[in-house]
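One structure is given below, encoded as structure tokens.
Following this line, the structure appears as structure tokens:
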């Protein structure tokens, strides 16, 4: 497959085509109850400093004790991406001074991270299915928060977030457009939630991305990269990368050179701004943390974690294709989250319905209703067995697909199950041959002009008559029978 | 390996340690001595020896993921130089 030249028109400069090279670093907040090195809680939104223990605020003499739950989540991730879970990894001190980092260093992993290698499969709009290689994933602690609002010319420090466990996930520079970067970020976001290691809440900062972006003429060595910080939504990620690519191409084409620096995306002005250049970048002076001996992970522990892993999205997607005969698009959509996938399987297990029908309804009516209500599928008022019950009434001819949508809306509004609503509202389909004939006769008599049009060769007039017959029955006539009877009468 | 005086000043700056010219020269000499010793150590053939990150051959013990700490911020903040709205106040920092 061609590795070069994106076809994204946003990146077209002049002269030989430009290639964009992107690598992403993602901080996923691990969903533990307590912090990575202390027993303080990690819940979001508590009053300032009420969840910061002596370890988190770095009182002298305290020692960190590693949270097993954080390590277990890192192991899950390593297994999910096919990476190597290191038998021994090392915590290091990353030294810098900032008031929301009271120790004067962040405990991270440097030379020997807990997860090495692996990859995430994505579908690129220009290159098709590709595997984005991961360099590493390492455990570290988060810093606190600085509030720069005016406290008499001083800054306020909240250390609740200090010590929250993070998994930093780093890709190789394998991405070639903002579309691919977003596809990767979404796939990773889906995966960490799927395996239950991160809640993925981007508003609360549980899933944060930085992008390393550079441009080069096709075939040339890597260009100088800029790091864009704090892309806290997929839309901002796309906009920030597109802006940055245009900026770099324009700069080089005007004879300038890209300077390696950290840039911040400003969504209000849709631009990136320089935060700090490499010259005054920190020299972090990493060294192994003497307070923390190496982290050993036994093969037996890995095996135990593996046994408790859910079926992964890729495997489930393939199974949905083979076991249920779903097209790849449906299988991909239904495995976008574990909740969606289990909703589907529960509805299919309830029986009486074709899997493809369940898929159509979930991707149609159910998905639309969820969007309208702005809720997740787990909170849907129509549960899987109830949906199956409704679809079974279409399958056995009790109601038409069109009426079923009204029944579905009533079920969504909490009016009961499908059978109760059909009975209460008298929505049962009219399948009585005589009744439908009578209805059709009436329509033919009342619409002589349309009948004439049909006889004059206008095929569309037939559909119009079907529509009128269905309307006359308030949508309850069996559409197939209406069709057949109309055809017979008009043919005669 | 030799260390320049400029590097000594840079390290001092990164560690936020204020040193004057005399101290810098003193520290420079001490660090040079340490580096000379490291050079001697590096003469030892360590082929096939796995690097260690710690002097002792031990591994981490871990704790279970449970909340064991209670809110003691009032006590902690009693010794802080400046506090408001539950926040620690520090000289203004804007990156």
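Protein chains in written order, with my numbering: chain A, 1 to 492; chain B, 493 to 587. For glycine and all other residues, C-beta sits at the position ideal for the given N, C-alpha and C. Keep in mind it's a predicted model, so treat the numbers as computed, not measured.
In the three-state reduction of the DSSP assignment, residue 151 of chain A falls in the strand class, which pools E and B. For residue 583 of chain B, no alpha helix (DSSP H) run applies; the uninterrupted beta strand (DSSP E) run containing it begins and ends at 579 to 583, by DSSP. Residues of the stretch 542 to 562 of chain B with a C-beta atom less than 8 Å from some C-beta of chain A are 545, 546, 548, 550, 551, 552, 553, 554, 555, 556, 557, 558, 559, 560, 561, listed in chain order. In this structure, A:180 is the residue among A:180, A:92, A:152, A:93 with its C-alpha nearest to the C-alpha of residue 122 of chain A. Given a length threshold of 3 residues, each whole run of the beta strand (DSSP E) inside the stretch 153 to 220 of chain A is given here in chain order: 154 to 158, 165 to 171, 207 to 217. With a threshold of 16 other beta carbon atoms within 10 Å, residue 404 of chain A meets it and is buried.
When the Cα atoms are used, residue 537 of chain B and residue 341 of chain A turn out to be separated by approximately 58 Å. Going by DSSP, residue 91 of chain A is part of no alpha helix (DSSP H) but of the beta strand (DSSP E) stretching over 91 to 95.
DSSP places residue 307 of chain A in the helix class (H, G or I) of the three-state scheme. Residue 82 of chain A and residue 219 of chain A have their C-alpha atoms spaced approximately 30 Å apart. Contact between the stretch 47 to 58 of chain A and the stretch 224 to 244 of chain A is absent: fewer than 3 CB-CB pairs across the two stretches fall below 8 Å. At least one CB of chain A lies nearer than 8 Å to the CB of residue 581 of chain B. Against chain B, the CB of residue 360 of chain A has no partner CB under 8 Å away; the residue lies outside that interface. Listed along chain A, no residue sits closer than 9 Å to residue 499 of chain B by beta-carbon distance, the nearest being about 11 Å off. Not flagged as an interface residue toward chain A: residue 510 of chain B, since no C-beta distance is shorter than 8 Å. Here the C-alpha atom of residue 453 of chain A lies approximately 41 Å from the C-alpha atom of residue 419 of chain A. Proximity of residue 585 of chain B to chain A, defined by a Cβ-Cβ separation below 8 Å, is satisfied. Interface residue (Cβ-Cβ distance to chain A less than 8 Å): residue 574 of chain B is classified as such. Sequence-ordered contacts of the stretch 24 to 54 of chain A with chain B read 32, 33, 34, 38, 39, 40, 41, 47, 48, 49, 50, 51, 52, 53, 54 [C-beta pairs closer than 8 Å].
Judged by their CB atoms, residue 353 of chain A and residue 395 of chain A are nearer to each other than the 8 Å cut-off.
If only uninterrupted alpha helix (DSSP H) runs of at least 4 residues are considered, those enclosed by the stretch 303 to 362 of chain A are 313 to 324, 328 to 334, 338 to 349, 355 to 361. Not one beta carbon of chain B lies nearer than 8 Å to the beta carbon of residue 265 of chain A.
Apart from sequence neighbours up to five positions away, the residues of its chain that approach residue 407 of chain A with a beta-carbon distance below 7 Å are 390, 399, 418, 421, 422, 427, ordered along the chain.
Using beta-carbon distances, residue 506 of chain B counts as an interface residue toward chain A, with a partner under 8 Å.
In the DSSP assignment, the residues bridged to residue 138 of chain A are A:168. Around the beta-carbon of residue 38 of chain A, 16 or more other beta-carbon atoms lie within 10 Å, marking it buried.
The alpha carbon of residue 30 of chain A has as its nearest neighbour, out of A:206, A:154, A:93, the alpha carbon of A:206.
Under DSSP, residue 115 of chain A forms a beta bridge with A:85, A:137. For residue 468 of chain A, the number of other beta carbons within 10 angstroms of its own is at least 16, and it is reported as buried. Three or more Cβ pairs closer than 8 Å define a contact, and the stretch 470 to 485 of chain A falls short of that threshold against the stretch 515 to 533 of chain B. Assigned with DSSP and collapsed to three states, residue 500 of chain B falls in helix. By the C-beta density criterion, residue 228 of chain A is buried, having at least 16 other C-beta atoms within 10 angstroms. Residue 147 of chain A has a beta carbon lying within less than 8 Å of a beta carbon in chain B. Look at residue 578 of chain B: its C-beta is under 8 Å from a C-beta on chain A. Non-local beta-carbon contacts of residue 18 of chain A in its own chain, meaning distances under 7 Å to residues more than five positions away in sequence, involve 11, 215, 217, 249 in chain order. For residue 20 of chain A, the number of other beta carbons within 10 angstroms of its own is at least 16, and it is reported as buried.
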